[in-house]
Structures are given as C-alpha cells and as structure tokens.
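Protein chains in written order, with this note's numbering: chain A, 184 to 545; chain B, 73 to 368. Each residue gets a CB set at the ideal place from its N, CA and C atoms; glycine is no exception. The structure displayed is predicted, hence computed values, not measured ones.
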Amino acid sequence: MAEVSLRNVTKNYGALEVVHGIDLDIAHDEFVVLVGPSGCGKSTTLRMIAGLEDISGGEVAIGGNRVNDLPPRERNISMVFQNYALYPHMTVRENLGFSLLIAKRSETEIAQAVDDAASILGLGELLDRRPAELSGGQRQRVAMGRAIVRHPDVFLFDEPLSNLDAKLRTQMRIEIKKLHQKVRTTIVYVTHDQVEAMTLADRIVIMKDGDIVQVGTPLEVFERPVDTFVASFIGSPPMNLLEGKVSGGFVWITPDVTLPLPTVFSGKVAEGQRVTFGFRADNLMPKGHALTESGATADLSLTITLAEPLGAETMLLSELAGVEIQGKMLNPRPVSEGEVLECQLSLDHCHLFDTATGKSLR
Amino acid sequence: MLRRRPPDWLTLLMPTIIVIAIIVLIPLIFSFYSSFTPYKLTRPSTLWRWVGTANYERILSDLNFWAAFGRTILFLTIALNLELLFGLGIALMVNKVTWGQRTLRTVLMFPMMFSPILVGFQFKFIFNDNVGLVNNALQSLGITDVALPWLVDSKLALFSIAFAEIWMSTSIFAILILAGLFAMPRDPLEAAKVDGCTPWQSFRHITLPFLMPFIFIAMTIRSLDVARAYDIVQIMTGGGPARRTELVWTLMARTGYVDARMGIANAMGYVSILLSIFFTIYFFRKLSAARAELGL
C-alpha cells in the first residue's frame, strides 16, 4: 500500500529520448491507467516504475522512498505481463507460490497464501496444471494470482488483456475491477485500448510521443479533452473534427457550411481565428430519434452514406464539408444509403480547439 | 496368364530395403556371426569354426578389456561434464554480447572444423615432454624445472587427451545451449526479477530448467561421440604407453587389425555398444522428462 510519484522522469536509448520528463502523482489505492497509441512511452514508463528499465533522469518514488537505484525485487511491486510470463515448467501452484518461496517463507504460509489467491481468482481446480494446459483467460488469472499472493505495495499491469479475444477481454476487465475492490492496492495499468482505460480507471493518464497530454477522471477526459489528440483518442467513435474560421458568431467550415459558435466560447475566440470544431456522435442525432434535451441546437440536413445498426442504436455516417462525420440514431428505424435526414447538433456539448496549437479553447 | 505380383508397398520400399541391407544389415549380421568364431584376418578359414560364446566369456574375464571399458566411462564422464560446464559458461557470456556476436559465434565453431586427427597431432605437439609448448611455458615461467611427462604418465595422459577432446567439442555444447538461450522467452525472466529473484536465482529456477532439453540433446550427441573416441587417442598416445590410455575403441582396433583377431574384436564391439545404448536411453529419458516439464 503506497503512493507512487514520478518527478521529471526521462528515458533515453542512446541519443534518442523516448520519455520526456514526466511528472505524475498516484495516490494510495488509486487505479491509474496509462493510455496512448503504441510508441508513446507508456510501457517504458511502467517498466521504469517496475525497475525493468533504467531511469535515465528524474526520480521515481514508491511510498515516499526513492527507488531509482533499487532492483525490482526490492521495490515490493508485482507485475502482470502482456504474455502472462508464467513459468512454463512449474504448476499453477508453484507459479503462485514462487515469489514466496524465493522470499523463504514457511511452507504453511505459502500454502495459505496460494489458497487465498486461488479462491479470490477461482483457480482452485487448476492448481496442479501447467501453464501449457491452460486457456488464455486462465493463464491471465494465474498471472494475476501470482501478482496478488505477495500483497505488494503496487500492482503494475502491462497490457494484460491484449492477447485475449473480445468476449474474454470484457469479462477479465470486470474481474480486474472487482479484484481492485477486493484487494485495495495502488494499480498502474498500461493499455492502448481507450475502452479499458475508461472502464477501469480512477484516473486516466493520456500519453503521446513520450509526454503526458492530459490527466483526469474518465469523465473529465471524455467531456473536457485538452486538445484534438485527446478528443480523437478517447471515446468511440472518435470525435468529429471540422476545421473552420470564426466569423460573426459563426464558425465557417466552408462558404456553404457554417455552424453557430457555441455560447460558452463567445469571448474566448477572436474574429477570424482558425479553429477546429468538435462534436461527438452522441450529440448529432436525427430529429425524432434524439434525446429530448433542452439547450441550443443547430439543424443540419445530412445525406447518409452508411448506416451501421447496433440494435439499440444505429451509427450513421455522413459527410460534411468533405469530412466524414458520424452521428447516432436512437430508437432506430431502417435507414438506406443516400437518404437525407434532418439532424440536430447539440451545441452545448461541442468543443472548439485552436487549429494551430490543437489546444482546447474552453 | 496369372502371375503373382508383390504388393505395391513392398515394391516401393524395395530400394530402401536393399540399400539398408547392404549398408547396415549384412555387416551387422556378419559381424555378429563372426563374434562367435575365432575369426582371424590372416586365416580366413577360421571364419567357419563356431566356438559359441567363447569370445564373450573371454572378454568378460579379461581385465584389460574392463580397464579400457571403465576408462572410457571415466573419460566420458569427465569430458562431458566439463564440456557442459564450459559450454554453458561460454553460451551465457556470448548471449550477453551485443556487438560482434555473429562473428563470435562463427569463431566459436572453428575447433569443430578441424579433423580430429589434426587436433590430435596438434595436442601431441603441445603436450610433448621435450619440445611441447606446455612444458616450455612451464619451464620458462619457472613453475617447474623438470619436464612433465604429459603423454606418458597415466593420469596426465588421460588429462591431456580429455583436454584436446574438450577443446575440440565444447563449442557443440556452447552452440546448442546458445540456441536454447535465443529461443527462451524474456518475459518469465522479467517476471522472476519482479518476483524477487537475484540473478543467480533467476538462472537456477528459470533459465536452467528451460535449457535442460537443449543440454540433454547435446549430451546424447556427445556421449555417442565420446564413447567411440578413437582418432585423438590413437594419434596422441596410441592407447599407450603400456595401455595406460587404452579406451574401448583403441583396444578394439588393436585387437582387430593389429592382432588380426577380428572375432574377438567384434565381440568387444557388441559388449561396448551396450554402453552407447545405455547412455542414449538415459539421456533420451531425461530429455523427454525435461520437455514434458516445459509442457512441450
């Protein structure tokens, strides 16, 4: 049980710097997810916390103690790897108890800890099998069991679900969340999947090119993305982004397409400023198939290029000013391609970014 | 007209059967038969005199044979274990090398490229008590002022031969173990680090179990190799002096070709083949067990 803090942490391989001075404070018992596209430095950051990568600069502290120069075994952490990293020549029982064996605990203590972990994760019947005889989900559970037997200060997860199929992934996601509720421990979790990040995290850390772009709760990063990168990375489908110019209370996308400037932004933009107008599919719905919501709206009539029925709702693809945009139809009816639908855009939920910097203007 | 034709499978297998019969089966039967005769190369007619198990009885009570047999096992044990140890050490070190590893791997194979005969001559010179490099060096450095009889003293001679054998063949272990290290997944090692292992514990509990199948393959190959060690011994000491370095195969060759007593030499061959069979089965069992343990 401990907090983790990173102070100006950098990592370079030779002349190439891949993590540029990260600052992050993770509270005791907090579930923090590092998310970002591949190559953004999230795994490297996690491995620096684990001690599997040297820290090139800055400081990592666990429970208030600087751990830069400690080997992994002295950091009291445990880690779950993407490929499970089970010991192939040991049974599940031996895999679970291995760290305690190394720590020279007594046999009864090891047996007790293994049984506890096995019952938390439902591994009871698998204890005498070897990893080769387990399915992917079972291996993943063993890997998690191995992590919890030691009651570490911090759990580190390195893309633990990316080798599982979609259904199992959803199921294991729930199990990880339950596990966190049962064994309250600080968790740092790395993934490239924004859905995992949204569903699991107390706080999400979004990284890009070796920098932290935004830190916040799932709702904060969803509703208040600091820039266009976060806006398009978080949320599914990604936010619709249209570039335009502010003019007289409107955003001119093209001479034919203008959108009213949402009131929250009036006074925050200059006349003639280049801006990127953003809105999510949830805020663009055909009339009669939308949430009845008060607030300012703008009307758009859109030619549907593709409809994706999902059952409870239908995703609509259309084009606006040459850019593909997505909307959503609630209580759906069949929609054919080429059909023109009158849609309304909920302006209160729209975003405006500075096109030059990509930063939010809110 | 109805002619009986052999079944197709027999027709198709015939070339193989013929080749195997000529190369393996006939010599095998012939040698086995001759081990029950007092066959002497110089007197072919002896081939037709059946003496039953007389040759075998004679061998089993022959101290010289058993001395050679025991010496072969001793030699095998020493050479194999040291080769494993050195091979493992070299493989672990080469695995750490990041620059020029390919070149190093090629260099590692050099000793294997020499003919054992040449290696024998080379080490015969190196260990020569008068003009050899070893004695020369020892005397120049003032470590000793007498000429050590490397190839004459029974213990030193066996050591010298083992040295040559190890020099030539350690790389087989090194290469095979290195292949094992390359095939090894990195994740379990990292997991072990996080689980609290010191580097030695990681090696002992994770790396070594993974390498065992590779080690047993190398052991099987090399045990067969060493059990028929002949060329290096023949060149360096000729099994002498006074049988002090006699191994099973030098004894057999001497009996068969020098003394021309082929019948008894063949009998020796059949007894000592048991040795090879034993080692093969032993290591193969170990290999299967190690593979089963890894879930392969």
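is_contact[residue i, chain A] using C-beta, thresh 7 Å
i         : result
LEU157(B) : no
GLU318(B) : no
PRO183(B) : no
SER259(B) : Checking the displayed sequence, the identity of residue 259(B) turns out to be Asp instead of Ser. Yes, ASP259(B) lies at the interface with chain A (some Cβ there is under 7 Å from its Cβ).
Separation of residue j from residue i, as counted between CA atoms
i         : j         : result
THR270(B) : SER289(A) : 19 Å
GLY328(A) : ALA294(A) : 13 Å
SER529(A) : ASN466(A) : 5 Å
ALA339(B) : VAL275(A) : 52 Å
THR109(B) : PHE102(B) : 11 Å
LYS287(A) : LEU351(A) : 36 Å
ASP410(A) : VAL371(A) : 24 Å
ILE304(B) : GLY311(B) : 10 Å
GLU365(B) : HIS272(A) : 5 Å
ARG313(A) : ARG363(B) : 12 Å
LYS112(B) : ALA163(B) : 49 Å
PHE536(A) : THR480(A) : 19 Å
SER212(B) : VAL203(B) : 12 Å
ILE205(A) : PHE462(A) : 30 Å
ILE233(B) : PHE264(A) : 49 Å
ILE148(B) : LEU347(A) : Correcting the residue identity first, residue 148(B) is Leu in this sequence and not Ile. Going by the C-alpha atoms only, they are around 49 Å apart.
PRO401(A) : ASP385(A) : 7 Å
ASP299(A) : LEU284(A) : 16 Å
GLY224(A) : VAL398(A) : 15 Å
THR88(B)  : GLU129(B) : 37 Å
ILE247(B) : ARG177(B) : 8 Å
VAL266(B) : LYS451(A) : 50 Å
GLY541(A) : LEU483(A) : 25 Å
GLU342(A) : GLU502(A) : 35 Å
VAL218(A) : LEU156(B) : 47 Å
VAL523(A) : PRO438(A) : 21 Å
LEU230(B) : THR317(B) : 6 Å
GLN509(A) : PHE405(A) : 17 Å
GLY222(A) : SER348(B) : 55 Å
ALA301(A) : THR291(A) : 15 Å
C-beta neighbour in chain B for residue i, strict 7 Å
i         : result
HIS334(A) : no
PHE264(A) : yes
PRO271(A) : yes
ILE268(A) : Note that residue 268(A) is Ala in the sequence shown, not Ile. Closer than 7 Å to some Cβ of chain B, the Cβ of ALA268(A) qualifies, so yes.
Residues bridged to residue i [DSSP beta-bridge criterion]
i         : result
ALA244(A) : SER188(A) and ARG249(A)
PHE460(A) : LEU425(A) and LEU535(A)
ILE215(B) : According to DSSP, ILE215(B) bridges with nothing at all.
GLY333(B) : The sequence as given places Arg at residue 333(B); Gly does not occur at that position. Paired residue(s): none; ARG333(B) is not in a bridge.
LEU503(A) : VAL506(A)
LEU513(A) : GLU496(A)
SER386(A) : Residue identity check: residue 386(A) is Arg in the sequence provided, not Ser. Per DSSP, VAL215(A).
ARG115(B) : LYS112(B)
VAL434(A) : VAL429(A) and LEU442(A)
GLN527(A) : MET468(A) and ASP482(A)
ALA490(A) : LEU499(A)
Minimum Cβ-Cβ distance from residue i to chain D less than 7 Å
i         : result
ASP392(A) : The structure shown has no chain D; the protein chains it does contain are A and B.
*the region 233-262 of chain A: positions lying closer than 8 Å to chain B by Cβ*: ALA233, GLY234, LEU235, PRO254, PRO255, ARG256, ILE260, SER261 and MET262
*If you measure beta-carbon to beta-carbon, which residues of the region 279-293 of chain A are closer than 7 Å to chain B?*
PHE281, SER282, ILE285 and ALA286
_Measuring CB atoms only, is the region 386-393 of chain A touching the region 235-243 of chain A, in the sense that at least three cross pairs come out at less than 8 Å?_
no
*Between the region 263-286 of chain B and chain A, which residues of the former have a C-beta closer than 8 Å to a C-beta of the latter?*
ALA263, ALA264, LYS265, VAL266, ASP267, GLY268, CYS269, THR270, GLN273, HIS277, ILE278, PRO281 and PHE282
*In chain order, what residues of the region 440-460 of chain A put their CB closer than 8 Å to some CB of chain B?*
none
*At a cut of 8 Å, does the region 192-201 of chain A reach the region 252-264 of chain A through at least three beta carbon pairs?*
Fewer than three Cβ pairs drawn from the region 192-201 of chain A and the region 252-264 of chain A lie within less than 8 Å of each other, which leaves the two stretches out of contact.
_Stretch-stretch touch, CB-based, cutoff 8 Å, three pairs: the region 489-507 of chain A with the region 446-456 of chain A_ = The region 489-507 of chain A makes no contact with the region 446-456 of chain A: fewer than 3 CB pairs, one atom from each, lie closer than 8 Å.
*Check whether the region 129-143 of chain B touches the region 286-297 of chain B, counting contact only when three or more Cβ pairs, one atom from each stretch, lie closer than 8 Å.*
Between the region 129-143 of chain B and the region 286-297 of chain B there are fewer than three inter-stretch CB-CB distances shorter than 8 Å, so the stretches are not counted as touching.
*Please confirm if the region 239-256 of chain B is in contact with the region 163-181 of chain B, defined as three or more CB-CB distances below 8 Å between the two stretches.*
yes
*Could you tell me whether the region 216-233 of chain B touches the region 268-283 of chain B, using the rule of 3 or more Cβ pairs below 8 Å?*
At 8 Å Cβ cutoff, the stretches do not touch.
*Is the region 245-263 of chain B touching the region 114-127 of chain B in the sense that three or more CB pairs, one from each, lie closer than 8 Å?*
no
_Between the region 315-332 of chain A and the region 237-251 of chain A, can you find at least three pairs of beta-carbon atoms closer than 8 Å?_
no
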